[in-house]
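**Student:** First, the structure itself, so that you have it in front of you.
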Amino acid sequence: MLTQEQNDQLTRTGRGTLMGDLFRRYWIPALHSWEIAEPDCAPVRVQIMGEKLVAFRDSEGRIGVIDEFCAHRSVSLWFGRNEECGLRCPYHGWKYDVNGQCVDLPSEPEESGMRKGIKLKSYPALERGDVVWIYMGPPELK
Numbered sequence: 001m002l003t004q005e006q007n008d009q010l011t012r013t014g015r016g017t018l019m020g021d022l023f024r025r026y027w028i029p030a031l032h033s034w035e036i037a038e039p040d041c042a043p044v045r046v047q048i049m050g051e052k053l054v055a056f057r058d059s060e061g062r063i064g065v066i067d068e069f070c071a072h073r074s075v076s077l078w079f080g081r082n083e084e085c086g087l088r089c090p091y092h093g094w095k096y097d098v099n100g101q102c103v104d105l106p107s108e109p110e111e112s113g114m115r116k117g118i119k120l121k122s123y124p125a126l127e128r129g130d131v132v133w134i135y136m137g138p139p140e141l142k
């Protein structure tokens, strides 16, 4: 019989846990391709390894899997609009690309450069066998 501590070691998959760190070193199936079948379709919520994410397909067909919450006011991007190669937050209109990079701040002039310093957590994604796979581990092991 396992102790509570042993059970936790084997079943917890959050960041910084034994199993979480192990599983993150492999490509993980995140969702079916049909859930984000069309460019600019509605984003889909995905929760993996204790992380809340959104998946979407941009105007060019690229898949993005990024942190669910906007860097500005933590509004869920699941409510956002997927448009013109990015996911736009419904609250103040900040827009993020498939790599989590902020590409538009409607309230800031383009030349301010503020958006360049804003990036959400994102994970590499690829589509194989009608499944979207993501890699959550160290970049050097990808």
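Residue numbers (the working numbering): 1 to 142.
The C-beta atom is built at its ideal place from N, Cα and C for all residues, glycine as well.
Because the structure is a prediction, the values reported are computed rather than measured.
1. Under a three-way DSSP split, which group does Val86 fall into?
2. If contacts are defined as beta-carbon pairs under 8 angstroms, then Ser107 and Ile66 qualify, I think. What distance do you get, rounded to the angstrom?
3. Since Cys89 and Cys70 should fall inside the 8 angstroms C-beta cutoff, what is the C-beta to C-beta distance between them, to a whole number of angstroms?
4. I'd like the list of long-range same chain contacts for Leu120, defined as Cβ closer than 7 angstroms, with 5 residues on each side in sequence excluded.
5. Restricting to Cα atoms, I'd like to know which of Trp94, Gly61 and Arg45 is closest to Glu110.
6. Pro124 and Asn82 look like a contact to me (Cβ under 8 angstroms); what is the Cβ gap, rounded to whole Å?
7. Three-state secondary structure (DSSP) at Trp94?
8. Taking Phe23 as part of the alpha helix (DSSP H), name the residues at either end of that continuous run.
9. Residues in its own chain within less than 7 angstroms of Ser76 by CB, not counting five upstream and five downstream?
10. Quick one: is Leu126 buried, meaning 16 or more other Cβ sit within 10 Å of its Cβ, or exposed?
11. Whole angstroms are fine: how far does the CA of Leu141 sit from the CA of Thr17?
12. Which term fits Cys41, buried or exposed, when burial requires 16 or more other beta carbons within 10 angstroms of its beta carbon?
13. Does the Cβ of Ala30 have 16 or more other Cβ atoms within 10 Å, making it buried, or fewer, making it exposed?
**Tutor:** In short:
1. The sequence shown places Gly at residue 86, rather than the Val named in the question. In the structure shown, Gly86 sits in a strand (DSSP, three-state: E or B).
2. Actually they do not touch by this definition, with Cβ atoms about 21 angstroms apart.
3. 4 angstroms
4. Ile66, Asp67, Ala71, Tyr96 and Gly100
5. Trp94
6. Contact doesn't hold; Cβ gap of about 19 angstroms is too wide.
7. coil
8. Leu18 to Phe23
9. Glu68 and Phe69
10. exposed
11. 18 angstroms
12. exposed
13. buried
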